[in-house]
Amino acid sequence: MTTQLPPGIQLETVDDRIMTLNVGPQHPGSGHMRLIIKVDGDYIVSCDPDPGYVHRGEEKMAEYRNYIQNIPHLERPVIHDSCNILYPYCLAVEDLLGIEVPERAKYIRVIASELNRCVYTLYWLAIYGIFLGHSTMFMWPAGDRELFIDLLEAMSGARVTHAYLVPGGVRNDLPANFEERCLRQVDYFEKRIKEYQAIFYQNPVLRQRTEGTGILSRMDAIRLGTTGSVLRASGVDFDLRKKEPYDVYENLDFETQVLKEGDSYARSLIPYLEMFESCRIIKDALRKMPKSGSVRTKLKPNPKGGNDEAYRRVESGRGSLGFHIISNNRPEPYRVKISVGSFRNLICIPYLLKGEKLGNMPSVYWSLNYWPVEADR
Amino acid sequence: MSTAGGIIRALNSGVKHLAVKRFTLRYPEQKLKFVGDGFQFDPQTGVGIAGLKGRHILFHDKCTGCQLCSVACEGIAEAIGMVKVKETWKHNKKAIMPQIDYGKCVFCGLCVDACPFYALYMTNDYELSSFTKSALIYTPGQLAVKPNISQDVEIKIGKRGATHG
Ligand code: SF4
Ligand code: SF4
Chain C
115 MTTQLPPGIQ LETVDDRIMT LNVGPQHPGS GHMRLIIKVD GDYIVSCDPD PGYVHRGEEK
175 MAEYRNYIQN IPHLERPVIH DSCNILYPYC LAVEDLLGIE VPERAKYIRV IASELNRCVY
235 TLYWLAIYGI FLGHSTMFMW PAGDRELFID LLEAMSGARV THAYLVPGGV RNDLPANFEE
295 RCLRQVDYFE KRIKEYQAIF YQNPVLRQRT EGTGILSRMD AIRLGTTGSV LRASGVDFDL
355 RKKEPYDVYE NLDFETQVLK EGDSYARSLI PYLEMFESCR IIKDALRKMP KSGSVRTKLK
415 PNPKGGNDEA YRRVESGRGS LGFHIISNNR PEPYRVKISV GSFRNLICIP YLLKGEKLGN
475 MPSVYWSLNY WPVEADR
Chain V
6 MSTAGGIIRA LNSGVKHLAV KRFTLRYPEQ KLKFVGDGFQ FDPQTGVGIA GLKGRHILFH
66 DKCTGCQLCS VACEGIAEAI GMVKVKETWK HNKKAIMPQI DYGKCVFCGL CVDACPFYAL
126 YMTNDYELSS FTKSALIYTP GQLAVKPNIS QDVEIKIGKR GATHG
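Order-wise, the sequence lines are chains C and V. Per this note's numbering, residue 115 is the first one in the first sequence, and the count goes up by one each step. Per this note's numbering, residue 6 is the first one in the second sequence, and the count goes up by one each step.
Structural data, given as structure tokens:
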């Protein structure tokens with residue numbers, strides 16, 4: 115006699131060879147998300163990512179706050195990259211409210227977001243180091259990150275979660291001597307990251323573990339809708355800073371970094387190479403910036419958007435990051451939709467991990483430049 | 006490049022760092038120096054003045070009890086409550102002033118932006134930890150005290166790497 119199962123419940127068919135592993139949500143290597151991995155011996159048969167553990171309802175929260183009060187909570191999904199997540203929000207709100215941003219503010223915003231990109235990338239690289247058991251590579255970027263945090267703190271007054279970008283410009287002007295301090299530290303950093311080459315990127319141990327693992331072909335990268343460094347590591351030259359330049363990126367001198375290999379090594383190398391470009395952008399922006407002038411357009415108290423909508427996106431540390439805002443004549447937005455790069459890159463995991471060895475899971479997973487909190491919003 | 010050569014180069018690059026100065030900040034003994042006296046805001050121009058967003062300072066002789074700071078914080082952290090104060094001022098008939106709960110405050114500084122009377126600023130004081138939650142609630146009297154802090158360490162870049170101090 116078979117037991118009657120309640121409707122809708124299915125029993126999993128058990129295969130003797132296949133074992134299911136739950137990596138996460140508490141596992142230090144997954145970061146608030148779960149990978150349900152099925153293994154046959156040492157090989158991964160299938161992988162099902164299960165995000166959503168750090169869902170905060172940012173989009174819903176944004177419907178109850180006015181355009182200024184939304185700033186502090188909207189930067190919480192990626193506190194290391196808070197200028198870049200506020201950037202599209204500010205651009206979209208400026209479109210809605212019809213605000214013109216002063217020229218100097220545009221340059222300051224670019225500098226702030228490039229500094230923030232370096233902070234994010236170094237943090238990500240530090241964790242990538244520790245994922246692969248390379249503890250020196252954890253300490254070095256974590257220490258060098260301090261150079262940029264120091265600059266951002268001088269600019270905005272906070273080490274993380276700066277609440278610095280606002281619709282209409284930036285909160286405050288640069289402090290005195292900032293230019294000199296910034297150039298000194300960025301110059302030093304450029305010399306410093308060259309040392310990462312020998313200890314990490316040219317390290318044969320690292321190369322053996324990452325080269326040829328989790329290969330994402332150019333066609334798959336486009337088909338799966340990946341973005342950011344994952345897309346560029348698969349040979350697609352797509353960077354919103356070049357393709358859809360916002361603010362003053364079109365005046366600045368930098369290049370997009372593209373690699374063809376599409377493996378974990380290429381995906382981990384792209385953000386590193388982009389840090390050099392970020393330094394170049396910062397130095398160029400400091401040179402081209404108007405030396406004085408207004409940095410913030412004064413808004414009306416409680417500004418209202420019309421019956422309108424706006425969508426703007428920027429290139430964040432993890433790929434394109436967009437804000438779609440709908441307003442309906444009220445001080446609060448009617449609907450805010452955040453489209454993040456992390457979530458779009460997550461979809462690659464089942465494809466990349468199939469047939470890999472279990473030991474390669476961390477290097478493939480973290481090379482996707484995935485930030486769990488941002489993906490869940 | 007051969008594997009052995011690569012490993013030797015990696016080790017070598019680490020060994021070189023034995024001669025590099027320590028970058029770590031020895032925190033309680035050393036404290037970072039910040040720009041200015043803290044974040045301030047000029048309502049006339051609508052632009053802030055750079056500085057650390059630390060604990061607030063409230064100028065009793067300027068605060069009119071208009072509650073704009075508390076309204077600004079309502080949608081952010083609900084950290085500001087308006088409380089009665091004993092002294093009465095000509096400019097503050099209702100005799101109410103903000104009280105800030107640092108258990109909730111996220112140090113965004115938007116209350117400073119909201120104050121139209123130059124009464125609320127932020128200071129360089131960031132050492133606010135306490136053993137009880139109630140000690141984190143700063144009354145208008147506590148907020149008026151100017152913090153006494155000495156911070157003097159900066160990032161220095163020399164031949165042997167960057168150091169603090
Ligand atoms: S700094 Fe921000 S969170 Fe803190 S009291 Fe002011 S508005 Fe509220
Ligand atoms: S601190 Fe400023 S905003 Fe707050 S009640 Fe006093 S005057 Fe009004």
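Positions of the beta carbon are idealized from the N, C-alpha and C atoms, including for glycine.
Query raised in the report: How far does the beta strand (DSSP E) with C/Asn136 in it reach, from first residue to last?
Result: Taking the first residue of the first sequence as position 1, residue 136 of chain C is located at position 22. Looking at the DSSP string, the run of the beta strand (DSSP E) that includes C/Asn136 is Ile132 to Val137.
Query - Cut-off 8 Å between Cβ atoms - residues of its own chain near C/Gly155, not counting five sequence neighbours on either side - result: Reading the first sequence from its first residue, position 41 is the one you call residue 155 of chain C. Around C/Gly155: Arg131.
Query raised in the report: Does at least one heavy atom of ligand 1 sit under 6 Å from the Cβ of V/Val111?
Result: Reading the second sequence from its first residue, position 106 is the one you call residue 111 of chain V. Correct: V/Val111 has its Cβ closer than 6 Å to ligand 1.
Query raised in the report: Quick check: the region 381-388 of chain C against the region 411-420 of chain C, are there 3 or more CB pairs under 8 Å?
Result: no
Query raised in the report: Per DSSP, what kind of secondary structure is C/Arg410 in: helix, strand or coil?
Result: The count along the first sequence starts at 1 and reaches residue 410 of chain C at position 296. Looking at C/Arg410 - three-state DSSP - the assignment turns out to be strand.
Requested in this report: Please confirm if C/Asp264 has its CB atom under 7 Å from at least one CB of chain V.
Outcome: As a first step, residue 264 of chain C is located in the first sequence; it is residue number 150 there, counting from the start. Interface residue, yes.
Report task. Consider the Cβ of V/Cys113: report whether some Cβ of chain C lies at a distance smaller than 7 Å. Result -> The residue given as residue 113 of chain V occupies position 108 in the second sequence. Chain C, which has a Cβ nearer than 7 Å to the Cβ of V/Cys113, makes this yes.
**Report entry** Contact check, C/Val233 vs C/His194, beta carbons under 7 Å
**Finding:** Indexing the first sequence from 1 puts residue 233 of chain C at position 119. Indexing the first sequence from 1 puts residue 194 of chain C at position 80. It is a contact, given that the beta carbons lie within the stated cut-off.
Query raised in the report: Using DSSP with H/G/I as helix, E/B as strand and the rest coil, what is C/Asn421?
Result: By one-based count along the first sequence, residue 421 of chain C stands at place 307. Three-state DSSP puts C/Asn421 in a strand.
Query - CB contact check: V/Lys91 to chain C, cutoff 7 Å - result: For this step, residue 91 of chain V is matched to residue 86 along the second sequence. Closer than 7 Å: no.
Requested in this report: With distances taken Cα to Cα, identify the nearest neighbour of V/Phe44 among V/Tyr107, V/Cys71 and V/Val117.
Outcome: Stepping through the second sequence from its first residue, residue 44 of chain V is reached at position 39. Measuring from the Cα of V/Phe44, the nearest candidate turns out to be V/Val117.
Query - The beta strand (DSSP E) enclosing C/Asn459, as first and last residue numbers - result: For the purposes of this step, residue 459 of chain C is identified with residue 345 of the first sequence, where counting begins at 1. Unbroken run through C/Asn459 is the alpha helix (DSSP H), Gly455 to Leu460; no beta strand (DSSP E).
Query raised in the report: Should V/Ser7 be labelled buried (16 or more other beta-carbon atoms within 10 Å of its own) or exposed?
Result: On the second sequence, residue 7 of chain V is found 2 positions in, with the first residue counted as 1. When all chains shown are included, V/Ser7 counts as exposed.
Query - Element boundaries [alpha helix (DSSP H), containing V/Ala15] - result: Against the second sequence, residue 15 of chain V aligns to sequence position 10. Per DSSP, V/Ala15 belongs to the alpha helix (DSSP H) from Thr8 to Val20.
Query - Residue burial classification, C/Pro191 (beta-carbon count within 10 angstroms, cutoff 16) - result: For the purposes of this step, residue 191 of chain C is identified with residue 77 of the first sequence, where counting begins at 1. Classification of C/Pro191: buried, given that the 10 Å Cβ count is 16 or more.
Query raised in the report: Would you say V/Lys109 faces chain C, with C-beta separation under 7 Å as the test?
Result: Taking the second sequence and counting its residues from 1, the one referred to as residue 109 of chain V is at position 104. V/Lys109 does not count as touching chain C.
Query - C-beta neighbour in chain V for C/Thr250, strict 7 Å - result: Translated into the one-based positions of the first sequence, residue 250 of chain C becomes position 136. Yes, C/Thr250 lies at the interface with chain V (some Cβ there is under 7 Å from its Cβ).
Query raised in the report: Per DSSP, what kind of secondary structure is V/Pro103 in: helix, strand or coil?
Result: Here residue 103 of chain V refers to the residue found at position 98 when the second sequence is read from its first residue. Here V/Pro103 sits in strand by DSSP.
Requested in this report: With a threshold of 6 Å, establish whether the CB of V/Leu115 neighbours any heavy atom of ligand 1.
Outcome: In the second sequence, the residue the question calls residue 115 of chain V occupies position 110. Answer for V/Leu115: yes, Cβ within range of ligand 1.
**Report entry** Candidates C/Met333, C/Asn286 and C/Asp258: closest to C/Leu345 by CA position
**Finding:** Numbered from 1 along the first sequence, position 231 holds the residue referred to as residue 345 of chain C. Checked all of C/Met333, C/Asn286 and C/Asp258; the closest Cα to C/Leu345 is C/Met333.
Requested in this report: Report whether the distance from the Cβ of V/Cys71 to the nearest heavy atom of ligand 1 is below 6 Å.
Outcome: Taking the second sequence and counting its residues from 1, one reaches residue 71 of chain V at position 66. Because no heavy atom of ligand 1 lies under 6 Å away, the Cβ of V/Cys71 does not count as near it: no.
Query raised in the report: How about the region 157-164 of chain C and the region 468-479 of chain C: do they share at least three Cβ pairs that are nearer than 8 Å?
Result: yes
Query raised in the report: Using a threshold of 6 Å, is the CB atom of C/Leu297 nearer than that to any non-hydrogen atom of ligand 2?
Result: By one-based count along the first sequence, residue 297 of chain C stands at place 183. The answer is no for C/Leu297.
Query raised in the report: Do you know offhand how far V/Ile105's Cα is from C/Gly431's?
Result: One-based indexing of the second sequence puts residue 105 of chain V at position 100. One-based indexing of the first sequence puts residue 431 of chain C at position 317. Going by the C-alpha atoms only, they are around 35 Å apart.
Requested in this report: For C/Tyr302, decide whether its Cβ has a neighbour in chain V, counting only Cβ atoms nearer than 7 Å.
Outcome: Along the first sequence, read from residue 1 onward, the residue named residue 302 of chain C stands at position 188. Yes, contact with chain V.
Query raised in the report: In whole angstroms, what separates the C-alpha of C/His248 from that of C/Leu460?
Result: Here residue 248 of chain C is taken as the residue at index 134 of the first sequence, counted from 1. Here residue 460 of chain C is taken as the residue at index 346 of the first sequence, counted from 1. So the two alpha carbons sit approximately 24 Å from each other.
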